[in-house]
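Residue numbers (the working numbering): 1 to 144. Quick reminder that beta carbons are idealized off the backbone N, C-alpha and C, glycines included. Fair warning: this is a prediction, and the values are worked out from it, not measured in the lab. Step one of this worksheet: look at the structure below.
Right under this line is the structure:
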């Protein structure tokens, strides 16, 4: 099964043609996997998810201390996707409990400045966290 991007069915309906055009230029094939709150995933589909976009339409209805029904399903899928590597989120705040949990577990990898060059705000989280850098061997004698 090809790697998949879990993304709202609404985003796919509005921008699917453009997304597929962009993904067709990717170094390897990536399929769109439209998310709905009633989404039932086969184990192979769950394993295929390498990226997921937490869009505003999934978030809608979320209160500061409680996820929307769609948000609960989305984050449940994210937690169960064993190959998930990247989740950009549409909002730039970090006060949502799910964001706090992701930052504690995986670390904030990119802040709002990361997407500003593209007119976006938000945060992204790497799932799982990247490996630690190799130990430093000290200064090198390489010419500058």
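> Which residue's Cα is closest to the Cα of residue 68: 56, 79, 78?
Replying inline: 56
> For residue 15 and chain D, any beta-carbon pair shorter than 8 Å?
Replying inline: Note that chain D does not occur in the displayed structure, where there is just one protein chain.
> If you draw a straight line from the C-alpha of residue 9 to the C-alpha of residue 27, how long is it?
Replying inline: 24 Å
> At which residue ranges does the stretch 31–67 contain complete alpha helix (DSSP H) runs of 4 or more residues, listed in the order of the chain?
Replying inline: 43–48, 56–59
> Just how far apart, CA to CA, sit residue 43 and residue 2?
Replying inline: 13 Å
>> For residue 34 and residue 66, what's the separation of their Cα atoms in angstroms?
In response: 23 Å
>> Taking the beta carbon of residue 61 as the centre, do at least 16 other beta carbons fall within 10 Å, making it buried, or is it exposed?
In response: exposed
>> Using 8 Å as the threshold, is the C-beta distance between residue 53 and residue 88 below it?
In response: yes
> Given that a residue counts as buried once 16 or more other Cβ atoms are within 10 Å of its Cβ, and exposed if not, what is residue 7?
Replying inline: buried
> Under three-state DSSP, which class holds residue 78?
Replying inline: helix
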